[in-house]
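Colleague: For the sequence shown, numbering that gives the first Met the number 0 gives the first residue as 0, with consecutive numbering after it. Positions of the beta carbon are idealized from the N, C-alpha and C atoms, including for glycine. This structure is in structure tokens; I'll ask about it shortly.
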Amino acid sequence: MAQGLDVGTMNLLSARQDGDETVFVQQRNSFVEIEYSDMAEQMLSRSDVLHIRKDNQVYIVGDDALNFANIFNEETRRPMQAGILSSDEQSAIPMIKLITEQVVGDPKYNDELLYFSVPADPIDDDTSTLYHQKTIESLLADMGYQPEPINEGMAVIYSELANREFTGLGISFGAGMTNVCLSYYAVPVMKFSIARGGDWIDEQAAKATGTPVDKVTSVKEEDFSLDFETDVGGVEGALSIYYDNLLDYVIENLIKEVDEEDVEEGLDVPVVVTGGTSSPDGFEALFEERLNEANIPFSISDVRQAENPLYSVAQGALVAARSEEQRSAQAQVTEDAAEEEAQTD
Ligand SMILES: Nc1ncnc2c1ncn2[C@@H]1O[C@H](COP(=O)(O)OP(=O)(O)OP(=O)(O)O)[C@@H](O)[C@H]1O
Ligand SMILES: [Mg+2]
């Protein structure tokens with residue numbers, strides 16, 4: 000057994016193999032702090048809401064945070080921002096620990112292998128992902144897992160490009176970030192992230208139209224699509240503008256990075272897009288159009304969207320974990336056989 004975990008700014012998701020099926024467990028990476036009261040006590044005792052009480056405060060984490068925030072008129076908070084643990088949030092670590100424990104559960108045996116996603120360092124921001132990576136790693140090790148980081152873009156390649164010999168460009172459009180990875184026969188030849196994603200689109204569209212961010216997010220997630228002309232002046236119009244802007248920004252940085260990294264000329268690769276932000280209808284077509292218009296220094300055979308944009312990073316982390324597990328089991332068999340032979344000599 001081995002496990003995959005997608006540690007995202009908005010969603011935490013684990014993936015495990017059960018026979019022929021992959022089982023996913025998901026929670027929102029968010030929490031709310033409310034004051035302890037009889038009413039809170041009653042509500043919490045009647046349900047299996049994930050929470051911890053600390054003195055006179057109660058922290059409700061995961062999917063239920065939003066419901067409690069609405070009832071108690073509080074704002075939800077997030078342990079992560081722009082792809083990594085938030086330095087502005089004092090409770091970030093205990094909260095993400097609680098959500099992680101719920102999503103991955105106990106290891107099936109001591110030191111079970113678990114691959115968890117980490118973003119590449121952003122090229123448009125001076126934050127480093129190291130502290131984030133090491134903190135998540137130690138939380139998982141404390142739980143009894145053997146944790147291994149995997150780049151988020153590379154996880155996309157593992158889940159979506161197995162039938163293309165793990166060669167291509169994988170892009171995960173998340174909440175806090177966009178992660179890009181170019182892989183050649185399962186070797187990452189270029190990877191980077193951009194500190195913009197769905198949160199950035201929401202914030203910009205909210206500012207432009209004077210609408211609360213939460214409202215913008217729900218319009219975007221419920222019935223927004225990119226395949227027709229939307230209302231000028233409204234929230235959907237603003238969302239379209241910032242979607243367009245994000246895509247251009249990603250492509251501009253892609254060209255810059257390919258130039259700097261001296262990627263081999265004459266490549267012809269597939270592109271696969273995933274992540275919650277790639278969900279709206281028309282996203283794939285729009286991105287393909289923008290790529291065709293741009294002067295990309297390699298050729299693109301096709302652009303495809305992952306079947307389950309919210310699941311593919313966890314799925315890819317699982318694929319990587321299982322193949323490493325098989326590889327090390329195989330190596331162990333070979334080692335044992337060699338030892339046996341040495342003994343009989
Ligand atoms: N149907 C939808 N249409 C548009 N956007 C959506 C939809 N569903 C989710 N999103 C957006 O997708 C984002 C969350 O995607 P995802 O779970 O891939 O991100 P994450 O992995 O948590 O973040 P990151 O990788 O940046 O750390 C949010 O911005 C959310 O608003
Ligand atoms: Mg993600």
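What are the boundary residues of the alpha helix (DSSP H) that includes Asp267?
Modeller: Here residue 267 corresponds to residue number 268 of the sequence shown, with the count starting at 1. No alpha helix (DSSP H) holds Asp267; the beta strand (DSSP E) holding it covers 267–273.
Colleague: Which one of Gln203, Phe23, Leu112 has the shortest CA to CA distance from Ser322?
Modeller: Taking the first residue of the sequence shown as position 1, residue 322 is located at position 323. Here the closest residue by C-alpha is Leu112.
Colleague: Grab me the residues of Ala194's own chain with a C-beta within less than 8 angstroms of its C-beta, minus the 5 sequence neighbours each way, in chain order.
Modeller: For the purposes of this step, residue 194 is taken as residue 195 along the sequence shown, with counting starting at 1. Same-chain partners within the cutoff: Ala81, Gly82, Pro121, Asp123, Asp124, Thr126, Gly175, Met176.
Colleague: Can you have a look at Ser182 and say buried or exposed, based on whether 16 or more other CB atoms are within 10 angstroms of its CB?
Modeller: Taking the first residue of the sequence shown as position 1, residue 182 is located at position 183. Ser182 is buried by the Cβ-count criterion.
Colleague: State the DSSP-derived secondary structure class of Glu34, mapped to helix, strand or coil.
Modeller: Position 35 of the sequence shown, counted from the start, is the residue given in the question as residue 34. Three-state result, Glu34: strand.
Colleague: Rounded to the nearest angstrom, what separates Asp344 and Glu338 at their Cα positions?
Modeller: For the purposes of this step, residue 344 is identified with residue 345 of the sequence shown, where counting begins at 1. For the purposes of this step, residue 338 is identified with residue 339 of the sequence shown, where counting begins at 1. Asp344 and Glu338: Cα-Cα distance of roughly 10 angstroms.
Colleague: Compute the Euclidean distance between the alpha carbons of Pro146 and Val117, then round it to the nearest angstrom.
Modeller: Reading the sequence shown from its first residue, position 147 is the one you call residue 146. Reading the sequence shown from its first residue, position 118 is the one you call residue 117. Distance between the alpha carbons of Pro146 and Val117 is about 12 angstroms.
Colleague: So for Ala174, helix, strand or coil by DSSP?
Modeller: Residue numbering aside, residue 174 sits at position 175 when the sequence shown is read from its first letter. It is coil, neither helix nor strand.
Colleague: On the three-state DSSP scale, how would you describe Val234?
Modeller: The residue labelled residue 234 in the question sits at position 235 within the sequence shown. Here Val234 sits in helix by DSSP.
Colleague: Since Val31 contacts Phe67 with CB under 8 angstroms, what's their CB separation in whole angstroms?
Modeller: Taking the first residue of the sequence shown as position 1, residue 31 is located at position 32. Taking the first residue of the sequence shown as position 1, residue 67 is located at position 68. Correct: roughly 5 angstroms between the Cβ atoms.
Colleague: Going by C-alpha to C-alpha distance, which of Asp17, Pro106, Ser29 sits closest to Ala64?
Modeller: For the purposes of this step, residue 64 is taken as the residue at position 65 of the sequence shown. When only C-alpha atoms are compared, the closest one is Ser29.
Colleague: Do you know offhand how far Ile200's Cα is from Ala39's?
Modeller: For the purposes of this step, residue 200 is taken as residue 201 along the sequence shown, with counting starting at 1. For the purposes of this step, residue 39 is taken as residue 40 along the sequence shown, with counting starting at 1. For Ile200 and Ala39, the distance between alpha carbons rounds to 34 angstroms.
Colleague: Asn109 and Gly152 look like a contact to me (Cβ under 8 angstroms); what is the Cβ gap, rounded to whole Å?
Modeller: As a first step, residue 109 must be located in the sequence shown, where it is residue number 110. As a first step, residue 152 must be located in the sequence shown, where it is residue number 153. Incorrect: roughly 31 angstroms between the Cβ atoms, too far for contact.
Colleague: Following the continuous alpha helix (DSSP H) through Ile59, name the residue where it begins and the one where it ends.
Modeller: Within the sequence shown, the letter at position 60 stands for residue 59. No alpha helix (DSSP H) contains Ile59, which is instead part of the beta strand (DSSP E) from 56–60.
Colleague: Could you tell me whether any non-hydrogen atom of ligand 1 is closer than 7 angstroms to the CB of Met176?
Modeller: Within the sequence shown, the letter at position 177 stands for residue 176. Met176: yes, Cβ under 7 angstroms from ligand 1.
Colleague: Quick one: measure Cβ to Cβ for Gly61 and Gly173, integer angstroms, because I've assumed they're closer than 8 angstroms.
Modeller: Indexing the sequence shown from 1 puts residue 61 at position 62. Indexing the sequence shown from 1 puts residue 173 at position 174. The pair is not a contact, with the Cβ atoms about 18 angstroms apart (cut-off 8 angstroms).
Colleague: Using the C-alpha atoms, what's the distance from Asn244 back to Val271?
Modeller: Here the question's residue 271 lines up with position 272 in the sequence shown. Here the question's residue 244 lines up with position 245 in the sequence shown. Using only the alpha carbons, I get a separation of about 19 angstroms.
Colleague: Report the rounded CA-to-CA distance for Glu263 versus Pro269, giving the unit in angstroms.
Modeller: In the sequence shown, counting from the first residue as 1, residue 263 sits at position 264. In the sequence shown, counting from the first residue as 1, residue 269 sits at position 270. Cα-Cα distance, rounded: 15 angstroms.
Colleague: Taking the Cβ atom as the reference point for each residue, do Ala1 and Ala207 lie within a distance shorter than 8 angstroms?
Modeller: For the purposes of this step, residue 1 is identified with residue 2 of the sequence shown, where counting begins at 1. For the purposes of this step, residue 207 is identified with residue 208 of the sequence shown, where counting begins at 1. No, the pair does not count as a contact, with Cβ atoms beyond the cut-off.
Colleague: Should Gly232 go down as buried or exposed, given a rule of 16 or more other Cβ atoms within 10 Å for buried?
Modeller: Within the sequence shown, the letter at position 233 stands for residue 232. Burial call: exposed.
Colleague: Would you kindly report the start and end of the unbroken alpha helix (DSSP H) that includes Met153?
Modeller: Counted from its first residue, the sequence shown places residue 153 at position 154. 151–159 is the span of the alpha helix (DSSP H), which, as asked, contains Met153.
Colleague: Could you tell me if the beta carbon of Ser171 falls within a distance shorter than 7 angstroms of some heavy atom in ligand 2?
Modeller: In the sequence shown, the residue the question calls residue 171 occupies position 172. Ser171: yes, Cβ under 7 angstroms from ligand 2.
Colleague: Would you mind sorting Gly265 into buried or exposed? The rule is 16 or more other CB atoms within 10 Å of its CB.
Modeller: Start at 1 with the first residue of the sequence shown, and residue 265 comes out as number 266. When all chains shown are included, Gly265 counts as exposed.
Colleague: Do you know how far the Cα of Glu202 is from the Cα of Val234?
Modeller: Taking the sequence shown and counting its residues from 1, one reaches residue 234 at position 235. Taking the sequence shown and counting its residues from 1, one reaches residue 202 at position 203. Going by the C-alpha atoms only, they are around 11 angstroms apart.
Colleague: Within 10 angstroms of the Cβ of Tyr184, are there 16 or more other Cβ atoms? Answer buried if so, exposed if not.
Modeller: Your numbering for residue 184 matches position 185 in the sequence shown. Exposed, by the Cβ-count rule.
Colleague: Comparing C-alpha positions only, which one of Glu34, Glu306, Val188, Gln331 sits nearest to Ser158?
Modeller: The sequence position of residue 158 within the sequence shown is 159, counting from 1. Nearest of Glu34, Glu306, Val188, Gln331 to Ser158, Cα basis: Glu306.
Colleague: Looking at Asn252 and Lys190, is the spacing between their C-beta atoms short of 8 angstroms?
Modeller: Working through the sequence shown from its first residue, we reach residue 190 at position 191. Working through the sequence shown from its first residue, we reach residue 252 at position 253. Result no, Cβ atoms of Lys190 and Asn252 do not sit closer than 8 angstroms.
Colleague: Confirm the yes/no value for this check: CB of Ser278, any heavy atom of ligand 1, distance under 7 angstroms.
Modeller: Translated into the one-based positions of the sequence shown, residue 278 becomes position 279. Ser278: yes, Cβ under 7 angstroms from ligand 1.
Colleague: Quick check on this structure: which residue in Gln132, Pro211, Glu34, Ser277 has the alpha carbon closest to the alpha carbon of Ser239?
Modeller: Here residue 239 refers to the residue found at position 240 of the sequence shown. That would be Ser277, whose Cα lies nearest to the Cα of Ser239.
Colleague: What are the start and end residues of the beta strand (DSSP E) that includes Glu20?
Modeller: Numbered from 1 along the sequence shown, position 21 holds the residue referred to as residue 20. Unbroken beta strand (DSSP E) run through Glu20: 20–27.
Colleague: Given a cut-off of 8 angstroms on the beta-carbon distance, is the pair Leu285 and Thr21 in contact?
Modeller: Locating residue 285 in the sequence shown gives position 286, counting from the first residue. Locating residue 21 in the sequence shown gives position 22, counting from the first residue. The answer is no: Cβ separation not under 8 angstroms.
Colleague: On the three-state DSSP scale, how would you describe Val117?
Modeller: Indexing the sequence shown from 1 puts residue 117 at position 118. Of the three classes helix, strand and coil, the one that applies to Val117 here is strand, per DSSP.
Colleague: Tell me which residues share the same chain as Gln314 and place their Cβ nearer than 6 angstroms to its Cβ, disregarding the 5 neighbours each side in the sequence.
Modeller: Position 315 of the sequence shown holds residue 314. Hits under 6 angstroms: Ala14, Ser158.
Colleague: For Ile299, which three-state DSSP category applies?
Modeller: Position 300 of the sequence shown, counted from the first residue, corresponds to residue 299. Three-state DSSP puts Ile299 in a strand.
Colleague: Going by C-alpha distance, which of Ala237, Ile295, Val218, Glu283 is nearest Ile250?
Modeller: To locate residue 250, count along the sequence shown from 1; it is residue 251. Nearest of Ala237, Ile295, Val218, Glu283 to Ile250, Cα basis: Ile295.
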